[in-house]
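Trainee: To convert, note that position 22 of the sequence shown is 154 in the working numbering; the numbers rise steadily by one, no gaps.
Provided herewith is a single structure, encoded as structure tokens, for subsequent inquiry.
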Amino acid sequence: MSVKVCHISTVHSERDIRIFYKECKTLAQNGFEVYYVVNSKERCNVDGVNIVPLPYIKNRFCRIFIKVWIALFKAIKINAKVYHFHDPEFIFMGLILKLMGKTVVYDVHEDVPQQILSKEWLGIKPFRQVTSFLYNIIEKLSVRVFDEIVAATPEIARKFPENKTITIRNLPITNIIKKVSKKETANEKPIVIYAGGLTRIRGIKELIEAAYILQDKIELRLFGQWENEGFKKECESLKGWKYTKWMGFLKIDVVYEHMKNSDIGIVNFLPESNHIKALPNKPFEYMACGIPMVMSNFQYWKEIFGECAIFADPTNPKDVAEKIEFLINNKDAAKNMGENGKKLIQTEYSWEAESLKLIDKYNELIKLK
Numbered sequence: 133m134s135v136k137v138c139h140i141s142t143v144h145s146e147r148d149i150r151i152f153y154k155e156c157k158t159l160a161q162n163g164f165e166v167y168y169v170v171n172s173k174e175r176c177n178v179d180g181v182n183i184v185p186l187p188y189i190k191n192r193f194c195r196i197f198i199k200v201w202i203a204l205f206k207a208i209k210i211n212a213k214v215y216h217f218h219d220p221e222f223i224f225m226g227l228i229l230k231l232m233g234k235t236v237v238y239d240v241h242e243d244v245p246q247q248i249l250s251k252e253w254l255g256i257k258p259f260r261q262v263t264s265f266l267y268n269i270i271e272k273l274s275v276r277v278f279d280e281i282v283a284a285t286p287e288i289a290r291k292f293p294e295n296k297t298i299t300i301r302n303l304p305i306t307n308i309i310k311k312v313s314k315k316e317t318a319n320e321k322p323i324v325i326y327a328g329g330l331t332r333i334r335g336i337k338e339l340i341e342a343a344y345i346l347q348d349k350i351e352l353r354l355f356g357q358w359e360n361e362g363f364k365k366e367c368e369s370l371k372g373w374k375y376t377k378w379m380g381f382l383k384i385d386v387v388y389e390h391m392k393n394s395d396i397g398i399v400n401f402l403p404e405s406n407h408i409k410a411l412p413n414k415p416f417e418y419m420a421c422g423i424p425m426v427m428s429n430f431q432y433w434k435e436i437f438g439e440c441a442i443f444a445d446p447t448n449p450k451d452v453a454e455k456i457e458f459l460i461n462n463k464d465a466a467k468n469m470g471e472n473g474k475k476l477i478q479t480e481y482s483w484e485a486e487s488l489k490l491i492d493k494y495n496e497l498i499k500l501k
């Protein structure tokens, strides 16, 4: 009889790349009975993963203080052996699950105390600082109780007890990328692609402003969900929107096909404290697709992606535009960067290899109980 495991998120999407495509599907493919409690319209089974729907609640405070309880009750009804949650607001619910004798895994995607400092919706800076300080204490105390911490980067992992922390990086699913085709003909004009959360702190406005500087020299294509309708309208009002296409929130294989047929991938995260040593999924996907990148000029990123990217000040649209133009005008350099990235994926960075750590850890947790 297969072991029931339950992933929980009140924030992420039903088709979140890390949670659904990587972790949940990998577990399902390896014989686990997988449930995913998440925002969704209906209960269904997708690729072996049982989707347990949560209502869509836009109000952040209702999500933090009410939706987590709905998620907890739905999760308890599943009666899983392992509960794996992905949002900091669920941390108290994780403690309740531990009191019920369940195995609980806390998946830390970002440095949450640092992330809180950049959340303008939380109010004035002193309040954010106090909230960050308090959450840091709560997190440190809570992780003593949880069975395992899954960190998205080595930097995040260093914050937690070494004996119960594993790093599982956001590496690309190369099997999907290999299946999508690449056109033999060049694009009419160079396509610059960004796929991911369309938010202020990810430098989307600056990208659109860079597109205005370059004008007809490029087409900027954005894939993903907007932070909110207000920010979307703000971006649509920019002069550079004329040279930008928002493609929507598409299935992963469709995004990879667009990515493979683009000329330049871009990651323009602003220098927030939780970004400077982040290890996002996107650059690895661009690398797997064999395209060169323009990235924020963080020292940590230069050390990791130096062979396959060029770096710009993410707060300066002119600098971003100049770096994009450099890759357009220096095709040999751009080609070398793309090839270097692809080689690194083949030799060092793939989800297929990284996923083995997840399976081994789950098997270990189950044996311990």
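Glycine residues also receive a C-beta, built at the ideal position from the N, C-alpha and C atoms.
Taking 7 angstroms as the limit between beta carbons, can you name the residues of its chain near ARG332, skipping five residues before and five after?
Mentor: Excluding residues within five positions, the ones whose Cβ falls inside 7 angstroms are GLU359 and PHE363.
Trainee: Below 8 angstroms on the Cβ atoms is my contact criterion, and I expect VAL184 with ILE210 to pass it. Report the Cβ-Cβ distance as a whole number of Å.
Mentor: With a Cβ gap of about 7 angstroms, VAL184 and ILE210 count as contacting.
Trainee: Quick one: is THR317 buried, meaning 16 or more other Cβ sit within 10 Å of its Cβ, or exposed?
Mentor: Answer is exposed; the Cβ neighbour count stays below 16.
Trainee: Is DSSP giving ASN268 helix, strand or coil here?
Mentor: Correct three-state label for ASN268: helix.
Trainee: Could you tell me the distance, in whole angstroms, from the CA atom of THR306 to the CA atom of VAL237?
Mentor: Computed Cα separation, rounded: 26 angstroms.
Trainee: If we call anything under 8 angstroms between Cβ atoms a contact, is ILE216 one with VAL137?
Mentor: It should be pointed out that residue 216 corresponds to His in this sequence rather than to Ile. Contact flag set, yes.
Trainee: Closest to VAL324 by C-alpha separation, out of LYS251, TYR418, PHE292 and ILE300, would be which residue?
Mentor: The option with the nearest alpha carbon to VAL324 is TYR418.
Trainee: Sort ARG353, THR376 and SER369 by Cα distance to TYR388 and report the nearest one.
Mentor: Considering only alpha carbons, the answer is ARG353.
Trainee: One question on the structure: do TYR326 and TYR375 come within less than 8 angstroms of each other, judged by their Cβ atoms?
Mentor: No, the Cβ-Cβ distance between TYR326 and TYR375 is not below 8 angstroms.
Trainee: Just to confirm my understanding: we take GLN161, look at its own chain, exclude 5 residues before and 5 after, and list those with CB closer than 8 angstroms. What are they?
Mentor: Answer for GLN161: GLY180, listed in chain order.
Trainee: Count the other CB atoms within 10 Å of the CB of PHE355; is the residue buried (16 or more) or exposed (fewer)?
Mentor: The residue is buried, with at least 16 neighbouring Cβ atoms inside 10 Å.
Trainee: PRO415: buried (16+ other C-beta within 10 angstroms of its C-beta) or exposed?
Mentor: Per the 10 Å Cβ criterion, buried.
Trainee: Between LEU497 and the rest of its own chain, which residues show a CB-CB distance below 7 angstroms, the 5 nearest in sequence each way excluded?
Mentor: Closer than 7 angstroms at Cβ, skipping near neighbours: VAL214, THR235, ASP279 and GLU280.
Trainee: So PRO449 and PHE430 are in contact, right, with Cβ under 8 angstroms, and what is the actual spacing, rounded?
Mentor: About 18 angstroms separates the two Cβ atoms, so there is no contact after all.
Trainee: Would you say LYS409 faces chain B, with C-beta separation under 8 angstroms as the test?
Mentor: Absent from the structure is chain B; it holds one protein chain and no more.
Trainee: Is there contact between the stretch 479-494 and the stretch 293-312, where contact requires at least three CB pairs shorter than 8 angstroms?
Mentor: A contact exists between the stretch 479-494 and the stretch 293-312.
Trainee: Cα separation between LEU227 and SER274?
Mentor: LEU227 and SER274: Cα-Cα distance of roughly 7 angstroms.
Trainee: Return the CA-CA distance between ASP219 and MET425, expressed in angstroms with no decimal places.
Mentor: When rounded, the distance between both Cα atoms is 30 angstroms.
Trainee: For LEU346 versus GLU457, is the C-beta spacing smaller than 8 angstroms?
Mentor: Yes, they are a contact pair.
Trainee: Comparing alpha-carbon positions, which option in ILE340, VAL200 and ASN177 lies nearest PRO187?
Mentor: Residue VAL200 is the option with its Cα nearest to PRO187.
Trainee: Just to confirm, are TYR105 and ILE149 a CB contact at a threshold of 8 angstroms?
Mentor: Nothing can be reported for residue 105, as the shown portion of the chain is limited to 133 through 501.
Trainee: Does the Cβ-Cβ distance between ASP239 and ILE288 come in under 8 angstroms?
Mentor: No, these two residues do not count as a Cβ contact at 8 angstroms.
Trainee: Compare the C-alpha of GLY78 against each of CYS440, GLU252, ALA212 and GLU320 and name the closest.
Mentor: As shown, the chain starts at 133 and ends at 501. That puts residue 78 outside it, with no answer to give.
Trainee: Helix or strand or just coil, what does DSSP make of PRO185?
Mentor: In the structure shown, PRO185 sits in a strand (DSSP, three-state: E or B).
Trainee: Going by other Cβ atoms of all chains shown within 10 Å of its Cβ, with 16 needed for buried, is LEU488 buried or exposed?
Mentor: It is exposed - the Cβ of LEU488 has fewer than 16 other Cβ atoms within 10 Å.
Trainee: For PRO286, count the other beta carbons within 10 Å of its own beta carbon; 16 or more makes it buried, fewer makes it exposed. Which is it?
Mentor: When all chains shown are included, PRO286 counts as exposed.
Trainee: Give me the Cα-Cα distance between VAL452 and LYS321, rounded to the nearest whole angstrom.
Mentor: When rounded, the distance between both Cα atoms is 18 angstroms.
Trainee: So, with DSSP's three-state summary, where would you put CYS367?
Mentor: Residue state, collapsed to three classes: helix.
Trainee: What does DSSP give as the partner residue(s) for ARG353 in the beta ladder?
Mentor: DSSP output for ARG353 lists ILE325 and LYS377 as bridge partner(s).
Trainee: If the criterion is Cβ atoms closer than 8 angstroms, does the pair LYS315 and ASN393 meet it?
Mentor: Cβ distance < 8 angstroms, so LYS315 and ASN393 count as in contact.
Trainee: Could you give the residue range of the beta strand (DSSP E) that holds HIS216?
Mentor: From DSSP, the beta strand (DSSP E) with HIS216 extends over 214-217.
Trainee: From LEU229 to PHE205, what does the alpha carbon distance come to, in whole angstroms?
Mentor: Taking the straight line from one Cα to the other gives about 10 angstroms.
Trainee: By the DSSP assignment, the alpha helix (DSSP H) with GLY226 in it spans what residues?
Mentor: Residues 223-231.
Trainee: How far does the alpha helix (DSSP H) with TYR344 in it extend, from its first residue to its last?
Mentor: First-last of the alpha helix (DSSP H) with TYR344: 336-346.
Trainee: Can you check DSSP and say which residues form a bridge with TYR167?
Mentor: DSSP, once it has assigned bridges, lists CYS138 and ASN182 as partnering TYR167.
Trainee: Going by DSSP in three states, ASN406 sits in which element: helix, strand or coil?
Mentor: Note: ASN406 maps to coil in three-state DSSP.
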